[in-house]
Every structure is written in structure tokens, then in C-alpha cells.
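Visitor:
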Amino acid sequence: MASIFRPRRSARFALLAVALGLASFALPAPADAQTFPADAAWKPLVRGGARVADPPGDAASGQDVVSDPAQGGAAAYFAADANFLYLRLRINDAVLQASPADFKAFGWVCLIDTDGDLASHELSIGVLGSSDVVELRRNTSPQNDGSPADISELLLKSYPASTHARAVAAPSMMSGDADFFIDWAVARVDLGITNQTPFRLACGSSSDAQSLTGDLISDKGATTLAGLVADPIALYGATCLYDCIDTGAPCTMGVGACLETGSILCDGLTRSCDAFPGEPGTETCNGIDDDCNGVMDDGFDLGADCDVGIGACAASGVIVCTSDELSSVCSATPGAPEVETCNEIDDDCDGAVDEDFGLGVPCDVGLGACAASGVIVCTADELSSECSATPGDPAAEMCNGIDDDCDGVVDDGLDLGEMCTVGVGACLAMGEIVCDALFATTCNAMPGLPSNETCNGVDDDCNGVTDEGCADTDGDGLSDAEEGMLGTDPADADTDDDGVPDGAEPSKDADSDGDGLINALDPDSDDDGLPDGTEMGYGCDDPATDPAPLSCEPDGDLGATKTDPTKADTDGGGKPDGLEDADHDGVVDAGETNPNDPADDAFTCFTDVDCGNPVSGSVCEAGMCVPGCRGVGGNGCPYGEVCSSVDASRGVCEPGPNECAKDADCGAADSGRVCDIPARVCQAGCRGAAGNGCPAGSFCTSETSQLGVCEPVPTVGFEGNGVFCDAAGAGRGRRMSGGVPFVLVLGLSAFVARRCSREKRSTRGKIRG
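Here it is as C-alpha cells:
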């Protein structure tokens, strides 16, 4: 038992403590000692609803008031019966010296406030250890400063400690040794406090029983009565209760709509309210707890975040009650829809973003080497969409199988595939222009080998002179044999009567205008409207020139102005020589343009192709490139526009609606109309694959999914110009005067095949007989 006491205790007290059994039960008292309440009857003092507490170690031995928070204990307690008020403090040490009534020379005190004014206390009750008495005192000269050290001067009653005080071992230890309760009692009749009169206690240790100057019970460091007093208590009959101090005060029962007001009733043991709560109803959304469950407007989720509308119309708010109080709704109002623009926002609030612009669809821009692929994206102004790709920069066209200048035509301007010759006379070989290894053009023909010259109309020795030394009956510079080969009349120096002797005919065995007549037999070899003699500066006075066919017009300036009879537009200005020399007299007259000066040519085109690419919005009309379009068989409109024409007639380009997303939206597979994906408009055109093609009787210029145009299928049959074409459009020969197949003789089948696709542009100067 000795181990529960501190080592500094005297051996005399330790032996006495062991003998008396202080650590395990209440110390024995004289036979006339006051009967204190059992442990269960003690009530803790509370402050603000919490048990009063005080930490250990903040006062000297015997004066250190403590609480044990581990056991939920308080530092001070009280109890009452019909005759006495009992007070108890827990001390972190022994409070006795030797005998059950021999307390240490300290004071343990509770100050009493009865009037609610905490500027001073009215009474004090304490154990004075130096005299072993319990004193009841009155504060007759209050200092009114709220100090707990204010002395209670007047002794009202003194009780022997042997009968009105005791020490009891506490159930736990705070500092490694035994703790004790010191209990004391005072007669209720001596207190002078009537039943149900509330009073408040401030307790602690001191050096006497008149004031508090030692350990003030507070775990907050309070030093005034206002911070030290416990909650009010009241004496009622034989019981001391907290809850009955407000008997008769207003009280309520129930919650929400069921809340009713009454008064507090107290029978000394219990506290009750005489109000009866109302009946709960159905909960509505009205700011009232209708069903009286303690929760207002439960089930309506009021105050929760909420959203209304979609896209640009979306708005956020909180859940609120509807005006009819029957339900709840979001406080936000959605915005008004607007016209959808291309901005990654759902402007029209239909749940789809930029749905009208075909975003993300693969697309292509540019032609040839400039072609680039991308996807449809919004334009910077957000009003439309466009392809994300940027076409490359065009370069000078080279002979490489690539559309370098990006005009839609591969190796254009290089005359690839055109007929060409190498060598002369019998060594002449026909071929076509092709690309060489250095990306330039060359003729793929190989000249033949020369042989001995004979009178056969052929330059056998390939020296550029035919049948030298052979007979020339008409003296036109061609041997009779050569004229027989050409089909000219060896007895007529000017077979075609154009004023040019047969021997002077330019490229006499060629067909410059592709009309089926070689130049020696064609009075207008280039079909420009001017006879060859006029262009070459000849008159019509040669006896061999027959005026009857009207094939000769004398040159008005006798050769001062000459043009190329094998080239319809000598100056290359875009206007045929016969249009520049309007009166066909070979002279540049007033009001006429000079066929040798391209600067004055106003003529700009022969076909729509001369006016730009298939979507240029420019067509050829009367030799002039003008704004316009054709529904079929010509140039169409730029992206985003549609042609007003649906046939080959000229129309105008107009803004097109968003009318298609694929070719099938523009008509049948053979409609000759396709969908321009970036612009989403239908337009004339075709695709060689993966899209609409052309109507019957025409073919598509594209063999891939790229845009092409519909062109007429070439006519099959005899063209009326002496050349017969087979179903593939290839020439099979020409009937000649004298019955000799000219093509078969010279091996010019490739040449005639190319001519079969061209139309006769002039009917003048037909072969006689």
C-alpha cells in the first residue's frame, strides 16, 4: 500500500496510512460523523455544459486540484439531501496528516454566488485544515472586482472537521501516487438559500477558508469569478438538480410545423414541458419542416448545384422551390439559341457542335504537284469551313509525268504525243514527242538510211532534194513522180489554185489544219480564213492558178506583210490571222489588227480550257474568256458556288446552299454532277472512281476520285474529209486522186489517227475531180 504515496511523505504518515487503509476506502470517522452520500449520488460541477477540469502540477502538494479526463472525471462535485449540501474536490495528493480529522494546514474552498452578479461572491464554504473545521462565511465587504481572493469576513457557522469533513481515496492516480477526494458538508438551514433559488460555485484550494488563493479550478487559465463559476444549480426538496432552476420558463415541444410553446414543469426529480407538439403533415417545398422530422424541405434537394440547357445555352444555378411549392426546380434560365457558326460551340443548342460544316471530313486542295490533303476545319471568321491543307507552289512545267505548274494538266505545253519527224526524204521517220532523261522533250523516231536517188517522187538519198534530174512536166519544182506520190497534178503547177506553186507549198505533204487534206492540196492549210498564197505574198496571176474555185486572193501589198500559212495564229496572240486581216487582202488596213503583233490580239480562247481550270468560273464565248459556267461540257464554278446552267449553255456562278455531303446527293451515278465536299454544293463534273460518272455518250476526263469533266465521245465513221476512222477513233487511210493510199505509202497511220479526232474547220478548196 505504501507505493501509492509519494516518497516525500514522512514515515510516520506512511505507516499511519497503511494502518488506516486510506488507498482503498473512506477514512473512518468518529461515531457522530456526518453521513456523506454514496459515490453514485455525487454530481460533477459543469461549466458551459462540460465538467469542470483542472490539470495536475499547477499548485503545491495538498493544494493541487485535478481531474482525470481519462475516466471522464471532474475536479469538483456536489450532492444534497434534505438537510445538507455536500461539496467534494479531487486533490493530487493526501490531504490528511496523521489522523482521520487532522487535515494538512491548507484551505479547500467553494465560493457561492447567489445574486447572479459575478463582480463578487456572497458566501464561502471551506475546510480550514490548520483548525480542522468547516466554515460557512459571508462576504460582507465585497471588493466588486470579480476576484476570487476577495475575503468572506463574517463567520456564520463553524463545524468540526471530524463530523463534517472527510478524505476518500480517488479511483485513479494522476501523478504516479494516490489521489484523494476531500468532502465537506454544511447544513442547508445555515445557508439561507431557499428551494429553487439558483446559485453558482467557484471552487479550488487556498491558505484559509475565506477566499480562493491557491489552485483555481480551470483548464482555461481563468482568474475571475466570471471564468471560474460553474453552471447554476438549485436545491429542491431533498434533491439538488441543475434542470429545475427555470421552472415556469417558456419551453417548446416538437420541431418544424409541429413546434408548440409551453412552460417548464418540475417535480424535484424531473424536468418537463407542458406543451404538446402538433401533428406532422406532408412535406412540401415551402421553407417549413412540414413532416416535423427536423429537416426543412427534405426530399427536394434544395441548394444543390444544377445545370439547364446545352451548348451555348447552358446555365448553372441551384435547386429551389417551385411557385406552387409542390416540387423543386433549377434556379437557372437557359440562354437563347443562336445561328450555328463554326467555332467549336453548340450555338443553336441542339446538342451537336458545328454540325452544319462537315468538320473532320477528309479533303484535298490544289492540283498536280501542288495537291495537299487535310480535313475540313472552321474558317478564321467562323462563318464557314475550309480544307486545312495548303496547296504547294506551282513550278515551271517539266517533262516528267507530273503537273508541275498545278493547272490540272500533266506536262501541258510540251506537245507530248504530238507527231514529229526526223530525217528527210526516204530517211524520214515519224514518231511522237516524248520526255527524255533530262526532263526535256525529244522525238522518239529513228531516221532511215539513204539510198541511190531514183525518179520515184522520193528523196532516196535523203539530201533534201527529191528526184533531182527527173522530169517536171509543169515546172512547179516537183518531179512528176513526186507529184504522183503527193496526189498533186503533175500537169498543173498550182493543183489547189491558191496562188502558190505546188513546189513552193509549205510542208506540202503535211496536213497542218487536220482537215484530211495535205497542204499541197489545201488552199488554206492552217484553216485561218486566209489562202496560202495571200499569207505567203503571192498574187493570183500565175497561169496555173484557176480562178474558178475562188481559192486564190492576191496579196494586197505584194509580200510586204507575210504570215505563216501553216499556223492559224502567226503571232500567237490568240486571234486567228483571218480574223485580224478581216478583208483577207494581206494588208493591215485601218480598223484591223496586225497578225504579226500579238499585243493587239483581243482573241483569248478557243475552248473553255483556254480560260482556266474546270472550276475557274470562266468560259470561252465568241473567242473571249468571260465570267460564267456550264452545267455540263465546260468549266464550272469555284468552290462554294453553283452554276445556274444545267446543260452546255453559259450560266452564271451563284452562291450555293449546303446541299450535299456526297456525290449521291447530287443525282444518279451517270448524272454528270458531283458534290464539291468543301463547299458542300452540287456542280457539273465527274469522277473516274468513287463517285458519279457521266451520261451516256460522254466520258470523264478523270480516272481517279479527283474531279473531272464530261467530254463527248468522238464520232465514229467516215468524216467526209477523205479519212475513215474505226470504232476506236484510229485512221485507216484516205482516198486519194490517183487511187494511191497516201497514208499507207508514207506509213503515217499514227498521224491520221490523231487527225480523226479533229473536225474539219473549212470546206474551202476541195480537190477537183
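Take the sequence shown: its letters are residues -33 to -1, 1 to 736, numbered as in mature numbering (1 follows the signal peptide of the UniProt record, and there is no 0).
Backbone N, C-alpha and C define an ideal beta-carbon position, used for all residues, glycine too.
Since the model is a prediction, treat every value here as computed from it, not as a measurement.
(1) For the alpha helix (DSSP H) containing Ser129, list its first residue and its last residue.
(2) Unbroken beta strand (DSSP E) runs of length 3 or more, entirely within the region 550 to 617: which are they?
(3) In three-state DSSP terms, what is Ser386?
(4) Quick one: any contact between the region 97 to 106 and the region 180 to 190, if contact means 3 or more CB pairs under 8 Å?
(5) May I ask you to verify whether the region 138 to 152 touches the region 31 to 38, counting CB pairs closer than 8 Å and requiring at least 3?
(6) Could you have a look at Val377 and say whether DSSP puts it in helix, strand or coil?
(7) Contact between the region 151 to 161 and the region 63 to 71: three or more CB pairs below 8 Å?
(8) Taking only the alpha-carbon atoms, compute the straight-line gap between Asp465 and Glu621 and give it to the nearest angstrom.
(9) Give me, in chain order, the residues of the same chain whose beta-carbon lies closer than 8 Å to that of Asp508; leave out the 5 immediate sequence neighbours on both sides.
(10) What residues in its chain sit with their C-beta under 6 Å from that of Asp264, if we drop five residues either side in the sequence?
(11) Quick one: measure Cβ to Cβ for Ala412 and Gly398, integer angstroms, because I've assumed they're closer than 8 Å.
(12) Going by the CB atoms, is the gap between Ser669 and Cys677 shorter than 7 Å?
(13) Count the other C-beta atoms from every protein chain shown that fall within 10 angstroms of the C-beta of Ala477, then say buried if there are 16 or more, exposed otherwise.
(14) Going by C-alpha distance, which of Ala65, Asn106, Arg55 and Ser612 is nearest Ala8?
(15) Given this structure, state the Cα-to-Cα distance separating residue 800 from Ser230, to the nearest angstrom.
(16) Measuring CA to CA, which of Val135, Val554 and Ser172 is closest to residue 737?
(17) Report all residues from its chain with a CB closer than 8 Å to the CB of Cys572; omit the five preceding and five following residues, and keep chain order.
(18) Pop quiz: Ile184 and Val19 are said to be a contact at Cβ under 8 Å. What is the actual Cβ separation, rounded to whole angstroms?
(19) Does DSSP classify Leu484 as helix, strand or coil?
(20) Quick one, which of Gly341, Ile369 and Asp370 has its alpha-carbon nearest Thr357's?
(21) From the DSSP output, read off the bridge partner residues of Thr408.
(22) Spell out a yes or no on whether the region 320 to 338 and the region 364 to 378 are touching, meaning 3 or more CB-CB pairs, one atom from each, closer than 8 Å.
(23) Could you give the distance in angstroms between the alpha-carbon of Ile255 and the alpha-carbon of Ala17?
(24) Along the chain, where does the alpha helix (DSSP H) that runs through Glu89 open and close?
(25) Quick one: using the 10 Å Cβ neighbour count with 16 as the cut-off for buried, is Leu674 buried or exposed?
(26) Tell me the DSSP secondary structure of Leu269 in three-state form.
(27) What does the alpha-carbon distance come out to for the pair Gly40 and Pro11?
(28) Just tell me which of Val62, Asp84 and Asn50 has its CA closest to the CA of Ser28.
(29) Going by beta-carbon coordinates alone, are Ser518 and Pro490 separated by less than 7 Å?
(30) Figure out for me which residue from Phe45, Gly278 and Gly652 has the closest Cα to the Cα of Cys667.
(31) Expressed to the nearest angstrom, what Euclidean distance is found between the alpha-carbon atoms of Glu89 and Thr191?
(32) For a test of the three-state rule: what should DSSP assign to Cys394, helix, strand or coil?
(33) Have a look at Leu453 and Ala511 and give me their C-alpha separation to the nearest angstrom.
(34) Please confirm whether Cys387 and Cys410 have their CB atoms less than 7 Å apart.
(35) Whole angstroms is fine: what's the gap from Val156's alpha carbon to Leu123's?
Guide: To lay it out plainly:
(1) As a position in the sequence shown, residue 129 is number 162, starting the count at 1. Looking at the DSSP string, the run of the alpha helix (DSSP H) that includes Ser129 is Ala128 to His131.
(2) Runs of beta strand (DSSP E) with 3 or more residues, each lying fully within the region 550 to 617, are found at 585 to 588, 591 to 594 and 608 to 610, listed in chain order.
(3) On the sequence shown, residue 386 is found 419 positions in, with the first residue counted as 1. It should be noted that the sequence gives Met, not Ser, for residue 386. Of the three classes helix, strand and coil, the one that applies to Met386 here is strand, per DSSP.
(4) Because the criterion of three Cβ pairs below 8 Å is not met, the region 97 to 106 and the region 180 to 190 do not touch.
(5) When C-beta atoms of the region 138 to 152 are compared with those of the region 31 to 38, three or more pairs fall below 8 Å, so the two segments count as touching.
(6) One-based indexing of the sequence shown puts residue 377 at position 410. Three-state DSSP puts Val377 in coil, outside helix and strand.
(7) no
(8) Indexing the sequence shown from 1 puts residue 465 at position 498. Indexing the sequence shown from 1 puts residue 621 at position 654. The C-alpha of Glu621 is placed about 50 Å away from the C-alpha of Asp465.
(9) By 1-based counting over the sequence shown, the position of residue 508 is 541. These residues qualify, in order along the chain: Pro521.
(10) Your numbering for residue 264 matches position 297 in the sequence shown. Correct list, in chain order: Cys252.
(11) Residue numbering aside, residue 412 sits at position 445 when the sequence shown is read from its first letter. Residue numbering aside, residue 398 sits at position 431 when the sequence shown is read from its first letter. Yes, they are in contact, since the Cβ atoms of Ala412 and Gly398 sit about 3 Å apart, within 8 Å.
(12) The residue you call residue 677 lines up with position 710 of the sequence shown. The residue you call residue 669 lines up with position 702 of the sequence shown. No, these two residues do not count as a Cβ contact at 7 Å.
(13) For the purposes of this step, residue 477 is taken as the residue at position 510 of the sequence shown. By the 10 Å Cβ count, Ala477 comes out buried.
(14) To locate residue 8, count along the sequence shown from 1; it is residue 41. When each option's Cα is compared against that of Ala8, the closest is Arg55.
(15) The requested residue 800 is not part of the displayed model; the chain covers only -33 to 736.
(16) With the chain covering -33 to 736 only, the question about residue 737 has no answer from this structure.
(17) The count along the sequence shown starts at 1 and reaches residue 572 at position 605. Excluding residues within five positions, the ones whose Cβ falls inside 8 Å are Gly541, Cys578, Cys587, Gly590, Met591 and Cys592.
(18) Residue 184 sits at position 217 when you count from the first residue of the sequence shown. Residue 19 sits at position 52 when you count from the first residue of the sequence shown. The Cβ separation is near 5 Å, so the contact holds.
(19) The sequence position of residue 484 within the sequence shown is 517, counting from 1. DSSP places Leu484 in coil when its eight states are reduced to three.
(20) Position 390 of the sequence shown holds residue 357. Measuring from the Cα of Thr357, the nearest candidate turns out to be Gly341.
(21) The residue given as residue 408 occupies position 441 in the sequence shown. Answer is Cys402.
(22) yes
(23) Counted from its first residue, the sequence shown places residue 255 at position 288. Counted from its first residue, the sequence shown places residue 17 at position 50. Those two C-alpha atoms are separated by around 33 Å.
(24) Position 122 of the sequence shown, counted from the first residue, corresponds to residue 89. Looking at the DSSP string, Glu89 is not in any alpha helix (DSSP H), and its letter there is neither H nor E.
(25) Taking the first residue of the sequence shown as 1, we reach residue 674 at position 707. Buried, since its Cβ has 16 or more Cβ neighbours within 10 Å.
(26) Mapped onto the sequence shown, residue 269 falls at position 302. Three-state result, Leu269: coil.
(27) In the sequence shown, counting from the first residue as 1, residue 40 sits at position 73. In the sequence shown, counting from the first residue as 1, residue 11 sits at position 44. About 8 Å.
(28) Numbered from 1 along the sequence shown, position 61 holds the residue referred to as residue 28. Among Val62, Asp84 and Asn50, the Cα nearest to that of Ser28 belongs to Val62.
(29) By 1-based counting over the sequence shown, the position of residue 518 is 551. By 1-based counting over the sequence shown, the position of residue 490 is 523. In this structure, Pro490 lies closer than 7 Å to Ser518 by Cβ.
(30) Here residue 667 refers to the residue found at position 700 of the sequence shown. Measuring from the Cα of Cys667, the nearest candidate turns out to be Gly652.
(31) Within the sequence shown, the letter at position 122 stands for residue 89. Within the sequence shown, the letter at position 224 stands for residue 191. One C-alpha to the other measures close to 15 Å.
(32) Along the sequence shown, one-based indexing puts residue 394 at 427. Note: Cys394 maps to helix in three-state DSSP.
(33) If you number the sequence shown from 1, residue 453 lands on position 486. If you number the sequence shown from 1, residue 511 lands on position 544. In this model, Leu453 and Ala511 are separated by some 18 Å (Cα to Cα).
(34) Position 420 of the sequence shown holds residue 387. Position 443 of the sequence shown holds residue 410. Contact flag set, yes.
(35) Within the sequence shown, residue 156 is the residue found at index 189, counting from 1. Within the sequence shown, residue 123 is the residue found at index 156, counting from 1. Val156 and Leu123 have their C-alpha atoms some 12 Å from each other.
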